[in-house]
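Novice: Here the sequence shown stands for residues 5 to 72, where the numbers follow the working numbering. Ideal Cβ placement from N, Cα and C applies to all residues, glycine included. Only a predicted model underlies this, so the values are computations on that prediction, with no experimental measurement involved. Below you will find the structure I want to go over with you.
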Amino acid sequence: MRKYTIIIEKDEEGWLVSEVVELPGCHTQAKTMDQLLERTKEAIKAYIKSEEEPEICEQFVGVQQIEV
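Dropping the structure here:
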């Protein structure tokens, strides 16, 4: 088991979109949070299975909000 960091955003049409930080190009979308998390797990499994040696980025530092 390995933990992955995901970034979740809502697009203009109301879809929730997740991106897996450690796996470049690994993302999915859904209408509900439960569905999004399930689809994200499926996307991670498919990504790892499709790669001989998956490219895993270990450089994620964090997310911050700033007010300007």
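Opposite A34 in the DSSP bridges: which residues?
Specialist: Beta-bridge pairing links A34 to L20.
Novice: K14 by DSSP, collapsed to three states: which one?
Specialist: Of the three classes helix, strand and coil, the one that applies to K14 here is strand, per DSSP.
Novice: So, are the CB atoms of I11 and T44 less than 7 Å apart?
Specialist: Going by C-beta atoms, I11 is not nearer than 7 Å to T44.
Novice: Quick check: Y8 and V24, are their CB atoms within less than 7 Å of each other?
Specialist: The answer is yes: Cβ separation under 7 Å.
Novice: Would you mind giving the Cβ-Cβ distance between M19 and Q33, rounded to the nearest angstrom? I have them listed as a contact below 8 Å.
Specialist: It should be noted that the sequence gives Trp, not Met, for residue 19. The pair is a contact, with the Cβ atoms about 5 Å apart (cut-off 8 Å).
Novice: Taking the beta carbon of A47 as the centre, do at least 16 other beta carbons fall within 10 Å, making it buried, or is it exposed?
Specialist: With 16 or more other Cβ atoms within 10 Å, it is buried.
Novice: My assumption, with CB atoms under 8 Å, is that E13 sits in contact with F64. Please give the rounded CB distance.
Specialist: At roughly 16 Å, the Cβ-Cβ gap does not stay under 8 Å, so E13 and F64 are not in contact.
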